[in-house]
Amino acid sequence: MKALVVEEKLRRFAAAKVLSAASKQKAIMFGPLKLDEHDPLPLPNEEWISVRPRLSGICGSDVSAVLGRSSRYFEPLTSFPFTPGHEVVADAIIDGVSSRVVIEPALHCRIRGLPACRWCRLGQTQRCERILDGSIEPGIQTGYCTSVGGGWSEEFSAHRSQLHLVPDGLSDEDAVMIEPLACAIHSVLRLDSNNVHSVAVLGAGTIGLLTVAALRQLHPGIRITCAAKYSHQRSMAMRLGADLVVEPKQLVRTARSSTSAMSVGNWQSQGFDAVFDCVGSESSVTEAIASTTPGGTVVVSGMPSNMSIDLAPLWHREIKLVGSYAYGTEEQTESTSGYISAEAQTGSIVTENGIRTFDLAISMAQRLKLGALVTHRYGLENYEEAIRLAAEAGQRGAIKIAFDPRPRRAREQENRR
106 MKALVVEEKL RRFAAAKVLS AASKQKAIMF GPLKLDEHDP LPLPNEEWIS
156 VRPRLSGICG SDVSAVLGRS SRYFEPLTSF PFTPGHEVVA DAIIDGVSSR
206 VVIEPALHCR IRGLPACRWC RLGQTQRCER ILDGSIEPGI QTGYCTSVGG
256 GWSEEFSAHR SQLHLVPDGL SDEDAVMIEP LACAIHSVLR LDSNNVHSVA
306 VLGAGTIGLL TVAALRQLHP GIRITCAAKY SHQRSMAMRL GADLVVEPKQ
356 LVRTARSSTS AMSVGNWQSQ GFDAVFDCVG SESSVTEAIA STTPGGTVVV
406 SGMPSNMSID LAPLWHREIK LVGSYAYGTE EQTESTSGYI SAEAQTGSIV
456 TENGIRTFDL AISMAQRLKL GALVTHRYGL ENYEEAIRLA AEAGQRGAIK
506 IAFDPRPRRA REQENRR
């Protein structure tokens with residue numbers, strides 16, 4: 106089978122990091138990602154099945170890994186060589202029945218054949234303490250573990266508990282957006298929405314746009330401002346529920362004008378009650394803090410790396426800085442309970458700890474039909490072009506880029522339907 110594989114070759118990671126500043130194309134060409142052909146991986150045990158991806162999204166974290174930009178924090182949480190791809194809709198044979206599924210990629214205690222750690226017992230599997238142990242190699246998710254493969258391949262292994270049936274009304278493009286939508290929902294629910302009337306979303310790539318959508322669905326009364334750099338992003342942000350869209354450089358000014366704030370030294374007396382930083386860069390975190398009202402909250406959902414930031418305004422203005430990684434189980438509230446009506450289609454979504462974020466995403470996806478965000482599809486053989494477009498998505502008019510890993514003939518037959 107064909108698969109895209111990231112090898113542990115430090116020279117290639119270093120070359121990608123250096124070259125990416127000047128040429129994404131050369132960084133990809135000389136970087137650690139290569140198209141390989143090998144036998145399917147053996148299943149770890151009888152709880153695992155083989156799945157065949159139909160679409161697999163290219164996430165910003167994947168691009169960072171391929172271009173050598175990921176934080177070194179993740180190195181011990183990954184096993185090499187690995188096949189990326191954690192945003193996946195796939196075909197699977199479950200108990201003799203052919204089914205279309207999406208993958209919940211966390212590789213937590215249950216999947217590793219271990220007793221549940223304290224976080225897994227609470228349903229917060231994104232915080233699992235045992236991601237280096239158990240019956241498979243280290244890896245935080247499918248797509249970062251050498252034992253199970255990932256979605257950028259014709260076939261990989263998935264634990265039965267990772268599989269969620271795709272409702273019939275969702276296209277493959279709708280379904281491949283479920284995993285990033287779950288990330289956005291979790292970040293929105295990380296915010297204590299009491300006394301929150303105005304929020305800003307900084308960044309309008311996939312996660313930023315999905316954060317706008319999740320905010321509008323879960324908190325319909327909140328005023329949403331989205332900072333979007335490109336025209337197609339601005340149009341989509343409005344379509345998904347933003348009340349106002351501005352250019353990123355105007356966000357601080359908008360925070361000041363919308364609240365009638367006074368200047369206090371280099372800062373302002375008021376701002377947005379909360380800001381979601383969906384970029385994760387040094388400049389975006391700084392901008393988010395500058396746009397937030399004293400006592401407000403900055404939620405960082407874009408994957409950050411090493412940065413140098415002046416935290417004096419965060420300290421002086423008592424702003425809360427909150428991280429948001431992946432998803433787990435959410436508290437059952439008035440806003441989340443509105444999605445329990447989809448239980449018959451998505452399975453039992455209410456647990457003793459709350460509501461699974463991934464099931465909320467499946468239910469919400471049926472209302473939103475987010476397939477329009479998938480702007481480009483590529484076969485695995487065109488991976489260099491696909492990764493380059495994903496790295497330059499905004500400036501080139503793209504949003505979500507996905508691989509269709511099926512053999513060329515299967516793709517052609519699908520397109521003729």
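Here this note's numbering = 1-based position in the sequence shown + 105.
Ideal Cβ placement from N, Cα and C applies to all residues, glycine included.
query: Option in Gln130, Tyr488, Thr438 with minimal Cα separation from Leu161; result: In the sequence as presented, Leu is not what sits at residue 161; that position holds Ser. Comparing Cα-Cα distances from Ser161 to each of Gln130, Tyr488, Thr438, the minimum goes to Tyr488.
query: Nearest candidate by alpha-carbon position, reference Arg422, set Glu436, Gly433, Asn411, Gly401; result: Gly401
query: One or two residues paired with His264 in a DSSP bridge; result: Trp153
query: Buried or exposed by the 16-neighbour rule on C-beta atoms within 10 Å, applied to His302; result: exposed
query: Rounded C-alpha distance that separates Glu142 from Pro512; result: 12 angstroms
query: Nearest-angstrom Cα separation, counted from Ser204 out to Ala447; result: Confidence in Ala447 is poor, its pLDDT being 47 and thus under 50, which makes the residue's placement unreliable; the coordinate value appears in the next sentence. Near 19 angstroms, if we compare the C-alpha coordinates of Ser204 and Ala447.
query: Residue interval of the beta strand (DSSP E) (run including Ile506); result: 505–508
query: C-alpha gap between Ser285 and Ser175, whole angstroms; result: It should be pointed out that residue 285 corresponds to Pro in this sequence rather than to Ser. Cα-Cα distance, rounded: 18 angstroms.
query: Phe377 versus Gly370, Ala360, Ala366, residue with shortest Cα-Cα distance; result: Ala360
query: Cβ-based neighbour list, Ile216, same chain, cut-off 6 angstroms, excluding 5 preceding and 5 following; result: His264
query: First and last residue of the uninterrupted beta strand (DSSP E) at Val427; result: 425–428
query: For Gly165, the nearest candidate out of Gly310, Gly428, Gly459 (CA to CA); result: Gly310
query: Ala211 to Gly256 span [Cα, whole Å]; result: 13 angstroms
query: Pairwise C-alpha distance: Gly308 and Ala503; result: 14 angstroms
query: Distance CB(Ala197)-CB(Ile154) smaller than 8 angstroms; result: yes
query: When Pro186, Val202, Arg321, Val306 are compared against Val390, the one with the closest alpha-carbon; result: Val306
query: First through last residue of the alpha helix (DSSP H) which encompasses Cys288; result: 283–294
query: Within 8 angstroms, strictly: CB atoms of Val281 and Thr316; result: no
query: Simplified DSSP assignment, three categories, for Glu497; result: coil
query: Separation of Gly248 from Asn150, as counted between CA atoms; result: 19 angstroms
query: Touch test, the region 265–279 against the region 124–135, Cβ-Cβ under 8 angstroms, three pairs minimum; result: no
query: Cβ-based neighbour list, Ala466, same chain, cut-off 6 angstroms, excluding 5 preceding and 5 following; result: Ile283, Leu286, Ala287, Ile290
query: Boundaries of the beta strand (DSSP E) in which Leu109 is found, first to last residue; result: 107–111
query: Classification of Ala319 by the beta-carbon crowding that lies within 10 angstroms, buried from 16 upward; result: buried
query: Spatial neighbours of Ala195 in its chain, beta-carbon cut-off 7 angstroms, leaving aside the 5 residues before and after; result: Val156, Arg157, Pro158, Arg159, Val206, Ile208
query: Helix, strand or coil at His213 according to DSSP, with G and I counted as helix; result: coil
query: Identity of the residues DSSP links to Val380 by a beta bridge; result: Ala305, Val403
query: Outcome for Gly244 when other beta-carbon atoms lying within 10 angstroms are tallied against a minimum of 16; result: buried
query: Alpha carbon of Ala333 to alpha carbon of Gly313, nearest angstrom; result: 9 angstroms
query: Local Cβ density within 10 Å of Ala417, reported as buried at 16 or more and exposed below that; result: exposed
query: Beta-carbon proximity of Leu345 to Ser440, cut-off 8 angstroms; result: no
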